[in-house]
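Enquirer: Sharing a structure below in structure tokens format, with a few things to ask.
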Amino acid sequence: MKKVLVTGGAGFIGSNFIKYLADMRGSWTIVNLDALTYAGNLENLKDLEGSEHYIFAKGDITDRMLVESLFETHGFDYVINFAAESHVDRSIKEPELFIKTNVLGTQCLLDAAKTSWQTGRDADGYPVYRNGVKYLQVSTDEVYGALGNTGKFTETTPLAPNSPYSASKASADMLARAYHRTYRLPVNITRCSNNYGPYQFPEKLIPLMIVNTLDSKPLPVYGDGLQVRDWLHVKDHCSAILTVLEKGQPGEVYNIGGNNERANIEIVRLILKTLGKTEDLIRHVEDRLGHDRRYAIDNTKITTELGWEPAYTFEQGIKETIEWYCTHTDWLSHVRSGAYMAYCESHYGNKSRPGGI
Ligand code: NAD
Ligand code: TYD
1 MKKVLVTGGA GFIGSNFIKY LADMRGSWTI VNLDALTYAG NLENLKDLEG
51 SEHYIFAKGD ITDRMLVESL FETHGFDYVI NFAAESHVDR SIKEPELFIK
101 TNVLGTQCLL DAAKTSWQTG RDADGYPVYR NGVKYLQVST DEVYGALGNT
151 GKFTETTPLA PNSPYSASKA SADMLARAYH RTYRLPVNIT RCSNNYGPYQ
201 FPEKLIPLMI VNTLDSKPLP VYGDGLQVRD WLHVKDHCSA ILTVLEKGQP
251 GEVYNIGGNN ERANIEIVRL ILKTLGKTED LIRHVEDRLG HDRRYAIDNT
301 KITTELGWEP AYTFEQGIKE TIEWYCTHTD WLSHVRSGAY MAYCESHYGN
351 KSRPGGI
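Following my numbering, the numbering of the sequence shown begins with 1 at its first residue and continues without gaps.
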């Protein structure tokens, strides 16, 4: 029976993970610490309301006193840090918030875990920790930078982040690594490719294109739309995280990818076709600054060393995801509040490329 701190559990991947964990490890206690930013939505977790194994704590991962008091109260065995500012476009406009949450927040969690788990020191002065504890940092393939037409990211690819978002995630990874090397804190870092699936906030490519298609609104494709991402179903990501949590070697990094490389324009066309709309809705708009051309993950390490495999094909996953958005109109209307509309207006309203929206 483990006690788990999940941060950012009201967001897209965190909420999918909490539900997955509650299904897979029903006797564990899960505490969800989430600041409920624009991206956090407790509606994602309403099935767990009232469960004796689930506790929600509203708060910020940079709030040291709060984080320490949660450790004292609950005596966590595991920490899984999903909490982050996660959208590249927002990071280009407002980098500072990304540094605060993604870097300082990670350090605060690492410190609290180290203090709470330490039982003494060894003969060389290194901290010794209680058995069976682990800190898992959820990171991204974007820390590796961009690829050309060939090759894939492995765990030894040098970090070369290109956006303020990926730079903040790389910084957090470096802190997690340093806490392992300097303090021997049992840490894993996972770096996954682009996730898709239910409960994703419609600022990211796939849900944005689905909701705009449903509304017959223009579909804003950045630049030529030939940028490539490696798509991973969120449920496959959840199973990979639990695998790393339970089987990963302390101090190791694991890449998680679904072997699903697609150009953005290909995805946009597939969504239009599935929903019976024509390509007239596509608008090529001004490109993102510093836009990474291609990401691709080599997942050999996690598949061969830990025995994890993705279960979804992209065809099945995207079909189910489109159906989910078509049948969860209440959820969609709640997350598309005035603030969401204001973001869309400020972000897409001023795209200036000829023919843009
Ligand atoms: P998301 O934006 O949907 O959710 C982030 C959650 O963190 C929200 O619930 C938000 O309220 C919470 N949060 C933000 N700042 C906080 C703070 N200071 N304190 C506490 N909570 C805070 O993000 P997501 O897509 O679910 O991503 C989860 C993690 O996975 C992130 O660390 C992200 O970098 C990483 N990741 C995401 C993807 C992807 O495709 N979505 C890919 C690779 C890695
Ligand atoms: P996104 O979902 O923001 O994820 P990331 O930038 O982390 O990969 O974007 C995925 C791809 O889709 C990326 O190449 C940018 C592109 N994109 C568009 O073309 N139009 C859009 O409106 C958005 C949000 C993204």
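Note that the Cβ used here is the ideal one computed from N, Cα and C, for glycine as well. A quick note: this is a predicted structure, and the numbers were derived from the prediction, not measured.
In angstroms, rounded to a whole number, what distance separates the CA positions of Leu147 and Ala160?
Expert: 11 Å
Enquirer: Any heavy atom of the ligand TYD inside 7 Å of the beta-carbon of Val234?
Expert: no
Enquirer: Could you have a look at Tyr38 and say whether DSSP puts it in helix, strand or coil?
Expert: coil
Enquirer: Can you give the beta carbon distance from Tyr222 to His291, rounded, assuming they're within the 8 Å contact cut?
Expert: 6 Å
Enquirer: Mind reading off the beta-carbon distance from Ala10 to Leu42? Whole number of angstroms is fine, and I expect it under 8 Å.
Expert: 6 Å
Enquirer: Compute the Euclidean distance between the alpha carbons of Pro186 and Asp224, then round it to the nearest angstrom.
Expert: The alpha-carbon of Pro186 is positioned some 43 Å away from that of Asp224.
Enquirer: Do you know offhand how far Gly14's Cα is from Gly8's?
Expert: 6 Å
Enquirer: Going by CA-CA distance only, name the one from Ser239, Gly317, Trp231 and Asn188 that's closest to Lys308.
Expert: The displayed chain sequence assigns Trp, not Lys, to residue 308. Considering only alpha carbons, the answer is Ser239.
Enquirer: For the ligand TYD, is there any heavy atom lying closer than 7 Å to the beta carbon of Tyr222?
Expert: yes
Enquirer: Check whether the Cβ of Asn188 sits closer than 7 Å to any heavy atom of the ligand NAD, and report yes or no.
Expert: no
Enquirer: Considering only the alpha carbon of each residue, which of Ser51, Asp47, Asn16 and Phe12 lies closest to Trp358?
Expert: Examination of residue 358 is not possible in this model, given that the chain is present from 1 through 357 alone.
Enquirer: Is Gly356 helix, strand or coil when you go by DSSP?
Expert: Low per-residue confidence applies at Gly356: pLDDT is 39, beneath 50, and the placement is therefore not dependable enough to give any value.
Enquirer: Could you give the distance in angstroms between the alpha-carbon of Asn44 and the alpha-carbon of Arg90?
Expert: 22 Å
Enquirer: Between the Cα of Val88 and the Cα atoms of Ile80, Val79 and Ile99, which residue gives the shortest distance?
Expert: Nearest option by C-alpha distance: Ile99.
Enquirer: Provide the residue(s) that pair with Ile30 in DSSP beta bridges, ordered along the chain.
Expert: According to the DSSP secondary-structure assignment, Ile30 is paired through a beta bridge with Val4 and Tyr54.
Enquirer: Leaving out the 5 sequence neighbours to the left and right, which residues in its chain are closer than 8 Å to Gly75 when beta-carbon positions are compared?
Expert: Lys3 and Ser116
Enquirer: Where does Asn188 land, buried or exposed, given buried means 16+ other C-beta within 10 angstroms?
Expert: Per the 10 Å Cβ criterion, buried.
Enquirer: Under 8 Å by Cβ, that's how I've got Leu36 and Lys58 pegged, so tell me the actual separation to the nearest angstrom.
Expert: Their Cβ separation, rounded to whole angstroms, is 6 Å, which keeps Leu36 and Lys58 in contact under 8 Å.
Enquirer: Decide if Ala393 is buried, meaning its Cβ has at least 16 other Cβ atoms within 10 Å, or exposed.
Expert: The chain is shown only over 1 to 357; residue 393 falls outside these bounds and no answer can be derived.
Enquirer: Short of 8 Å in beta carbon distance, which residues of its chain neighbour Tyr126, apart from the five on each side in sequence? Order them along the chain.
Expert: These residues qualify, in order along the chain: Tyr183 and Arg184.
Enquirer: Straight-line CA distance for Trp331 to Gln200?
Expert: 11 Å
Enquirer: Could you tell me whether the Cβ atoms of Leu110 and Ala176 are closer together than 8 Å?
Expert: In contact: Leu110 and Ala176 (Cβ atoms closer than 8 Å).
Enquirer: Going by other Cβ atoms of all chains shown within 10 Å of its Cβ, with 16 needed for buried, is Asp215 buried or exposed?
Expert: exposed
Enquirer: Whole angstroms is fine: what's the gap from Pro218's alpha carbon to Arg283's?
Expert: 6 Å
Enquirer: At what residues does the beta strand (DSSP E) containing Leu214 begin and finish?
Expert: For Leu214, there is no enclosing beta strand (DSSP E); the residue is found in the alpha helix (DSSP H) stretching over Leu205 to Leu214.
Enquirer: Does the distance between the C-beta of His291 and the nearest non-hydrogen atom of the ligand TYD fall short of 7 Å?
Expert: yes
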